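Just so you know, the UniProt record's numbering puts 61 at position 61 of the sequence shown, and the rest follows in order with no gaps.
Presented below is the structure to which this report refers.
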Amino acid sequence: QDKVAVVGAGVIGLSTAVCIAESIPSCAVTVLAEHFTPDTTSDVAAGILLPHPFPETPLHKQRCWFKDTFDHLLSICNSTDAAEAGVFLLSGWQVFQETPSTKDPYWSTVVLGFHMMTDAELQRFPKYKFGQSFTTIKCECSKYLLWLEKRLKNAGGQLHTEKITGFEQLTSSYDIIVNCSGLGSRDLADDQSLYPVRGQILRVHAPWLKHFIRDGNGHTYIFPGIHSVTLGGTRQKHNWEMSVDEADSSGIFERCCELEPSLKKSQVCSKLVGLRPTRNSLRLEREFFVHGNRQVPIIHNYGHGGGGISIHWGTALEATQLVKESINWRNPTSKL
Ligand code: FAD
Numbered sequence: 001q002d003k004v005a006v007v008g009a010g011v012i013g014l015s016t017a018v019c020i021a022e023s024i025p026s027c028a029v030t031v032l033a034e035h036f037t038p039d040t041t042s043d044v045a046a047g048i049l050l051p052h053p054f055p056e057t058p059l060h061k062q063r064c065w066f067k068d069t070f071d072h073l074l075s076i077c078n079s080t081d082a083a084e085a086g087v088f089l090l091s092g093w094q095v096f097q098e099t100p101s102t103k104d105p106y107w108s109t110v111v112l113g114f115h116m117m118t119d120a121e122l123q124r125f126p127k128y129k130f131g132q133s134f135t136t137i138k139c140e141c142s143k144y145l146l147w148l149e150k151r152l153k154n155a156g157g158q159l160h161t162e163k164i165t166g167f168e169q170l171t172s173s174y175d176i177i178v179n180c181s182g183l184g185s186r187d188l189a190d191d192q193s194l195y196p197v198r199g200q201i202l203r204v205h206a207p208w209l210k211h212f213i214r215d216g217n218g219h220t221y222i223f224p225g226i227h228s229v230t231l232g233g234t235r236q237k238h239n240w241e242m243s244v245d246e247a248d249s250s251g252i253f254e255r256c257c258e259l260e261p262s263l264k265k266s267q268v269c270s271k272l273v274g275l276r277p278t279r280n281s282l283r284l285e286r287e288f289f290v291h292g293n294r295q296v297p298i299i300h301n302y303g304h305g306g307g308g309i310s311i312h313w314g315t316a317l318e319a320t321q322l323v324k325e326s327i328n329w330r331n332p333t334s335k336l
């Protein structure tokens, strides 16, 4: 049996652990993390499937990660597990004050029913010139992460709370390490190209809202969910502040009320902050960690920025392929 340690229990760590445990039964998978749900960045995310741009990654690759994730979650939506997993279809509009240079983006053929907004649809948004209407998926991590934990345990995986201060801590007990520690990789993998983009959101009670609205500039959004509506947001680069900023809260509320005036009658239930683990391209590759006379493969899968929920299954599949290659490297007679 190959012992695999997955560091991190956000959406990236848990989905990668599930993917490995279910597709390589010879692996014993243990997830080690300092924090589990509800205390990860993934728990703060609105969880809408809409890609975040990675300037240094080819578009065909970004499209493939997004499509693999969309199709995977769509099959959960269509199953009896949908409610427990917190995954459901959501329709709405992305509106732009200026017509964007690319009117139909690369993901337009992945989401459902994509079309340019008609004049009648745009009438609702007098300050906006152009819009896209489509149905996507919302994946609520407060439920989805618990569901992934259950799936992992059913596949024989284990969960341990532990802060890892260096990979050498793991090399004597594990054959392969998978690093999904998000922003934690700044220290753990000594990656100074990784930085936080601070996001603050409000969750409000507004059960009459059934459609999402997103300003194409990415700063203002309204995403209805199972128990509340998420209002956002902020995108503050290199800002590590985890406490709620009241000026940010009132700015978010005002901007969202401009887009959707009925929100003025909503009640704020909670205010949350998360730090998006950001790089120019996410890191998905294998390296070898040498400790004493042991050489242990490490598969890195981190740096998903503002779009980790949108591509998590695609990157988990690719990381799992690298685990298979590492098993073949350790044991050339195995044919995974
Ligand atoms: P995390 O969820 O941060 O998990 C990291 C894990 O690693 C944690 O378990 C942590 O404890 C562990 N860890 C770190 N260091 C160590 C260590 N040294 N030892 C042990 N464990 C360690 N994305 C979308 O696709 N759609 C959205 O609508 C969306 N909305 C967002 C809104 C906001 C306000 C924010 C902040 C983000 C949003 N995102 C969204 C982005 C998304 O949340 C992230 O891309 C995603 O959560 C990253 O997941 P992760 O598993 O890499 O990181």
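Where is the CB? At the ideal position from N, CA and C, for every residue including glycine.
Predicted, not measured: the structure shown is a model, and the values here were computed from it.
Query raised in the report: With 16 as the cutoff for other CB atoms within 10 Å, does Gln158 come out buried or exposed?
Result: exposed
Sheet register partners of Asn301 (DSSP bridge): Leu284
By the 10 Å Cβ neighbour count, where 16 or more other Cβ atoms means buried, how is Ala83 classified, buried or exposed? exposed
_Considering only their Cβ atoms, is the gap separating Leu148 from Val11 smaller than 9 Å?_
Between Val11 and Leu148, the C-beta spacing is below 9 Å.
Below 9 Å between beta carbons: does that hold for Thr99 and Phe130? yes
Distance check for Asp43 and Ala206, CA to CA, integer angstroms please. 20 Å
Fill in: Cβ contact check for the stretch 165 to 178 and the stretch 127 to 142: 3 or more pairs under 8 Å
no
| query | How is Asn179 classed by DSSP in three states: helix, strand or coil? | reply | strand
When the Cα of Gln192 is compared with those of Asp104, Val268, Leu183, which residue comes out closest? Leu183
- Provide the residue span of the alpha helix (DSSP H) that contains Ile309, from first to last. Unbroken alpha helix (DSSP H) run through Ile309: 308 to 330.
Look at the alpha carbon of Ala28 and the alpha carbon of Ile309, and state the distance between them as a whole number of angstroms. 25 Å
Margin query: Quick check: what's the CA-CA separation for Gln295 versus Glu22?
Written below: 26 Å
Note to self: Using the Cβ count rule (16 or more neighbours within 10 Å means buried), how would you classify Trp208?
What the structure shows: By the Cβ-count criterion, Trp208 is exposed, with fewer than 16 other Cβ atoms from all chains shown falling within 10 Å of its own Cβ.
ask   = Which residues in the same chain as Arg198 place their Cβ atom closer than 7 Å to its Cβ, once the five residues preceding and following it in sequence are excluded?
value = Thr234, Gln236, Asn239, Glu241, Val273, Leu275
* To do: Please check the pair Gly8 and Cys180, which I expect to be a contact at CB under 8 Å, by giving their CB distance rounded to whole angstroms.
  => 4 Å
query = The alpha helix (DSSP H) spanning Trp93 covers which residue range?
reply = It is not in any alpha helix (DSSP H) - Trp93 instead sits in the beta strand (DSSP E) that spans 87 to 96.
Residue(s) in a DSSP beta bridge with Lys3: According to DSSP, Lys3 bridges with Ala28.
Practice prompt. Starting from the Cα of Thr230, find the closest Cα among Cys139, Leu146, Asp119 and give me that residue.
Written response: When each option's Cα is compared against that of Thr230, the closest is Cys139.
CB-CB length for Leu336 against Thr315, believed under 8 Å: That pair is no contact at about 19 Å.
Just to confirm my understanding: we take Thr37, look at its own chain, exclude 5 residues before and 5 after, and list those with CB closer than 8 Å. What are they?
Ala9, Asp43, Cys141, Ser142, Leu145, Leu146, Glu149
| message | Quick check: does the Cβ of Gln200 come within less than 8 Å of any heavy atom belonging to ligand 1? | response | yes
Review point. Looking at the structure shown, is Ala83 part of a helix, part of a strand, or coil, going by DSSP?
Key: helix
(message) What residue range does the alpha helix (DSSP H) around Gln169 cover?
(response) 168 to 171
**Item:** Environment of Ala319 [buried if 16+ CB atoms lie within 10 Å]
**Value:** Taking every protein chain shown into account, the CB of Ala319 has 16 or more other CB atoms within 10 angstroms, so this residue is buried.
Could you tell me which residues DSSP puts in a beta bridge with His205? Answer by DSSP bridge pairing, in chain order: Gln267.
Checklist line | Pair within 9 Å by beta-carbon distance, Gly307 and Leu50 | finding: Result yes, Cβ atoms of Gly307 and Leu50 sit closer than 9 Å.
Quiz item: Looking only at DSSP bridge pairs, what is Arg214 linked to?
Solution: Looking at the DSSP output, Arg214 bridges to Gln94, Tyr221.
Whole angstroms are fine: how far does the CA of Phe96 sit from the CA of Arg186? Cα to Cα, Arg186 sits roughly 35 Å from Phe96.
List the residues that DSSP assigns as beta-bridge partners of Ile48.
Answer by DSSP bridge pairing, in chain order: Lys138.
Note to self: Please classify Asp215 as buried or exposed, where buried requires at least 16 neighbouring CB atoms within 10 angstroms.
What the structure shows: A residue is called buried once 16 or more other Cβ atoms fall within 10 Å of its Cβ, and Asp215 is buried on that count.
Buried or exposed for Asp39, going by 16 or more other Cβ atoms inside 10 Å? exposed
Any heavy atom of ligand 1 closer than 8 Å to the Cβ of Val290?
no
**Asked** Do you know whose CA, among His312, Pro277, Glu325, lies nearest Ile298's CA?
**Response** The residue with the shortest Cα to Cα distance from Ile298 is Glu325.
Compare the Cα-Cα distances from Glu258 to each of Pro58, Leu202, Arg124, Leu89 and report the closest residue.
Of the residues Pro58, Leu202, Arg124, Leu89, the one whose Cα lies closest to the Cα of Glu258 is Arg124.
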